Amino acid sequence: MQRITSRQNPIVTRFRAAARGDDEAMLLDGTHLVGEALTAGIRLEQVLVDIEAAAHPEIEEILGRLPHAVQVAEGSAGVMDAASPVRSSSAIVALASRPARATDLLARPSPLVVVLCDIQDPGNVGAILRVTEAAGAHGAILTGQTADPFGWKALRGSMGSALRLPLQFVPDAADVIAAARAHQVHIVATVPRDGVPLFDSDLSEATALFIGGEGPGLPQSALDAADVRVTIPMEPPVESLNASVAAAVLLYEARRQRARPLAAT
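Position one of the sequence shown corresponds to residue 0 (numbering that gives the first Met the number 0), numbered consecutively onward.
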């Protein structure tokens, strides 16, 4: 196994480029994400392990699952600090190919799909994808200036959901609206006030839940195209919820209306 002690090593340089979003590969940071990627069948390209942690049972278990084609190297503490994007470096990091993109999510029978419009905070994007999978929705569509779901911050926020959940990328929200119309999918726009109270709305049929970024909210085109604008009831003086919290409330109400039992936890 190659041992790396220089922060200027080309492998370290590539990890740092991936952390900045300047490399097509995903940066998987930590044992949980690397393990989730292997379970999901994601192709790993390069793995870097802390020299001091290589004999740890959890690390050994992951290394034992790697296909022979994956390049594995050990790194010194300084190398791991450079390669891992988090403040306290992880014992293992990996570069991996991105999952295949989904297509035509709105064409499936009676879909429940979340549409992320201009959600620029990667932590919010990751959290929304995590709850989208947890609530049993069929996938998510990312549009506008929404952050990359495969950036390291979003991946950590999704805790692996972004690697499994069907994700479709549509640059213009107008194209998502057109697809929803073509497939007779109910367009639900979330608004902080003056909408139909969530618990009076109908989310039981084919539904596209449009969620906008904090601050600007949804684009006017999405608001104008909505079949219904929905507001989550809130007690004053609270005026709005974090986008991922709003997504969770909406999705679990949709699941309740669709009467699918939740698995025990």
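Cβ atoms here follow ideal geometry from the backbone N, Cα and C, with glycine treated the same way.
The structure presented is a predicted model; accordingly, all values stated were derived computationally and were not measured.
Within the segment 126–179, the alpha helix (DSSP H) runs of at least 4 residues that lie entirely inside it are, in chain order, 151–157 and 160–163.
Cα atoms of V229 and V11: separation of roughly 47 Å, rounded to the nearest angstrom. Comparing alpha carbon positions, the residue from A126, G156, A178 and Q219 closest to V248 is A126. Taking a C-beta distance under 7 Å as the contact criterion, T131 and A139 qualify as a contact pair. Here I91 is not near E73, since their CB atoms are 7 Å or more apart. The segment 201–227 contains, as complete beta strand (DSSP E) runs of 3+ residues, the segments 206–211 (chain order). Annotated as proximal: R6 and G77, with beta-carbon spacing under 7 Å.
Under DSSP, P196 takes part in a beta bridge, and its partners are T230. A direct Cα-to-Cα measurement between G122 and V184 gives close to 28 Å. Between the segment 156–170 and the segment 186–194, the count of Cβ pairs shorter than 8 Å is below three; the stretches do not touch.
In terms of Cβ geometry, A245 and V112 do not form a close pair [threshold 7 Å]. DSSP places G77 in no beta strand (DSSP E) but in the uninterrupted alpha helix (DSSP H) bounded by A76 to A82.
Note on geometry: alpha-carbon atoms of A178 and H137 lie some 16 Å from one another. Leaving aside the five residues that flank G150 on each side, the residues in its chain whose CB is nearer than 7 Å to its CB run, in chain order, G20 and P121.
Three or more beta-carbon pairs separated by less than 8 Å link the segment 92–99 to the segment 31–46, which places the two stretches in contact.
Note that the C-beta distance between I186 and A225 is below 7 Å. Taken atom to atom, the span from the alpha-carbon of R86 to that of E213 is near 26 Å. Note on geometry: alpha-carbon atoms of P110 and M0 lie some 47 Å from one another.
The C-beta of V114 has 16 or more other C-beta atoms within 10 Å across all chains shown, which makes the residue buried.
For C116, the closest alpha carbon among the candidates L62, G135 and V169 is that of V169.
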